[in-house]
Amino acid sequence: MLEELDERLHQDNLTQQLTKKEISQLRKKKEKIEKSYDGIKNLVKLPNVVVVFNPVNDIIPILEARKMDIPVVGIVNSNNNPDLVNFAIPANNSSPKSIYLLANLLCDAIAEAVGEETLIAYKDSAEINLPSHLESINIQTISKK
5 MLEELDERLH QDNLTQQLTK KEISQLRKKK EKIEKSYDGI KNLVKLPNVV
55 VVFNPVNDII PILEARKMDI PVVGIVNSNN NPDLVNFAIP ANNSSPKSIY
105 LLANLLCDAI AEAVGEETLI AYKDSAEINL PSHLESINIQ TISKK
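Quick look at the structure:
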């Protein structure tokens, strides 16, 4: 659909076929689709897992993953229903510090599984470089067992 809109907008005789208003509507439709689907437009296969940071707000991806039998990992507050996800991680999903830490730990688990270097896991707190807006986070060292 996005490719069809793009082709249509790049036709030479578009201004002769459509009014300015119709062209503007097509451009807005294309921008809306790009905004919604830009992250998955080059996806060649289904993901092995879906990670959500707020099961209540992210209910649509959860339902879509269920339809496709894709397991869902979710960061779940005590006031959320853990049954919405397959694997619940109990944590504060409204704190940027908590989300940053957990997202990086999940990425580190994937990196370690494929033999790459981790960013946070197994490092001393002095070795961890945080973005400037999160520098006040006090991360304790996560040790390898």
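Residues in the sequence shown are numbered from 5 upward in steps of one, following the working numbering. Backbone N, C-alpha and C fix where the C-beta goes; we use that ideal spot for every residue, glycine too.
- For P65, the enclosing alpha helix (DSSP H) has its first and last residue at I63 to K71.
- At a cut-off of 3 residues, the continuous stretches assigned as beta strand (DSSP E) that sit fully inside the segment 77-122 are 91-94.
- Cα atoms of V56 and K49: separation of roughly 19 Å, rounded to the nearest angstrom.
- Taking every protein chain shown into account, the CB of P59 has 16 or more other CB atoms within 10 angstroms, so this residue is buried.
- Note that the C-beta distance between V76 and I66 is below 8 Å.
- A direct Cα-Cα distance of roughly 11 Å separates K32 from L13.
- Of all alpha-carbon atoms in N96, A117 and R70, the one lying nearest the alpha-carbon of N81 is that of N96.
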